[in-house]
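Below is one structure; the comments refer to it alone.
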Amino acid sequence: EDKVVQSPLSLVVHEGDTVTLNCSYEVTNFRSLLWYKQEKKAPTFLFMLTSSGIEKKSGRLSSILDKKELSSILNITATQTGDSAIYLCAVVLGGAAQKLVFGQGTRLTINP
Amino acid sequence: GAGVSQSPRYKVAKRGQDVALRCDPISGHVSLFWYQQALGQGPEFLTYFQNEAQLDKSGLPSDRFFAERPEGSVSTLKIQRTQQEDSAVYLCASSLGYGGGRDIQYFGAGTRLSVL
């Protein structure tokens, strides 16, 4: 069974801290990995990672995939209250559907 | 359109009632997906369309769930004889399809279904 596990499930930090969110996967047909940020509306796309291992960066956020360890991390530096959200990791499966298998999400709370 | 649009945003149904949830994908997106998200969980795959063809419906939990996309654009997810366990947020996503960055799925805000 295809499985994606995120840790921690919940994290509370102070504004300005740096956080690292983890995602590990065990799937039969890996194609790529996506990170999303979910607030009270639509999950919004953050990064797409492939087996190339190239790090992706956008402002204070960065992410990389370790294909040997079958895992990915999402780093957020100098956190702000607006970073409070659920962060979802999803693996894109190969095959006709390219469907996503999601982890449970990490609920991140940034306190002022 | 600018993004994926879903309606209604909220739906309250009495147990046994039929409901229909609508998804309007990003214009030109070939692939359309439906997911079900229970409280505190990640979304789970329900079904996938490539244009008007439903190529994968392996995630539909029972034969009470039915989806269609007759003209390859707007899609409707129908749930017949709703049960309390159907209460969840139903998310629709679309993508350009066919590999690489075209795999990125863009999500709508979802329909929150509550079955009483």
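First to last, the protein sequences are chains A and B. Going by this note's numbering, the residue at position 2 of the first sequence is 2; the numbering climbs one at a time, nothing skipped. To get this note's numbering, take the position in the second sequence, counting from 1, and add 1000. C-beta atoms are modelled at their ideal positions from N, C-alpha and C, and glycine is treated no differently.
Check, Outcome
"Compare the Cα-Cα distances from A:Leu-93 to each of B:Asp-1103, B:Ser-1094, B:Leu-1039 and B:Val-1030 and report the closest residue.", "B:Asp-1103"
"Under 9 Å, CB to CB, which of the residues in the segment 1053-1064 of chain B have a partner in chain A?", "Leu-1055, Asp-1056, Ser-1058 and Gly-1059"
"If A:Ile-110 sits next to A:Asp-83, beta carbons under 8 Å apart, how far is it from one beta carbon to the other, in whole angstroms?", "5 Å"
"For B:Phe-1033 and B:Asp-1086, what's the separation of their Cα atoms in angstroms?", "18 Å"
"Quick check: is the beta carbon of A:Gln-80 nearer than 8 Å to any beta carbon in chain B?", "no"
"Between which residues of its own chain and B:Thr-1076 is the CB-CB distance below 6 Å, once the five residues before and five after are set aside?", "Ala-1020, Arg-1022 and Glu-1068"
"Excluding the 5 residues preceding and the 5 following B:Phe-1065 in the sequence, name in chain order all residues of the same chain whose CB lies nearer than 6 Å to its CB.", "Ile-1079"
"For A:Thr-79, which of helix, strand or coil comes out of DSSP?", "coil"
"Which first and last residues belong to the beta strand (DSSP E) in which A:Lys-41 is found?", "Counting along the chain, A:Lys-41 falls outside any beta strand (DSSP E), and DSSP gives it neither H nor E."
"How big is the Cα-Cα spacing for B:Asp-1018 and B:Arg-1081?", "5 Å"
"Taking Cβ-Cβ distances shorter than 7 Å, what residues in chain B pair up with A:Phe-45?", "Ile-1104 and Tyr-1106"
"Residues of chain B with CB under 7 Å from A:Val-92, in chain order?", "Asp-1103"
"Could one say the Cβ of A:Ser-32 lies closer than 8 Å to chain B's Cβ atoms, at least one of them?", "yes"
"Alpha carbon to alpha carbon, how far is A:Ser-52 from A:Ser-62?", "15 Å"
"Does any residue of chain B have a CB that is nearer than 8 Å to the CB of A:Ala-42?", "yes"
"Assign A:Glu-1 to one of three DSSP states: helix, strand, or coil.", "coil"
"Can you tell me whether DSSP reads A:Asp-66 as helix, strand or coil?", "strand"
"Given B:Asp-1059, which residues of its chain have a CB within under 7 Å of its CB, disregarding the five upstream and five downstream residues?", "It is worth fixing the name first, because residue 1059 of chain B is Gly in this sequence and not Asp. The residues are Glu-1044, Phe-1045, Leu-1046 and Thr-1047."
"Spatial neighbours of A:Lys-99 within its chain, please: C-beta separation below 6 Å, excluding the five flanking residues on both sides.", "Leu-93"
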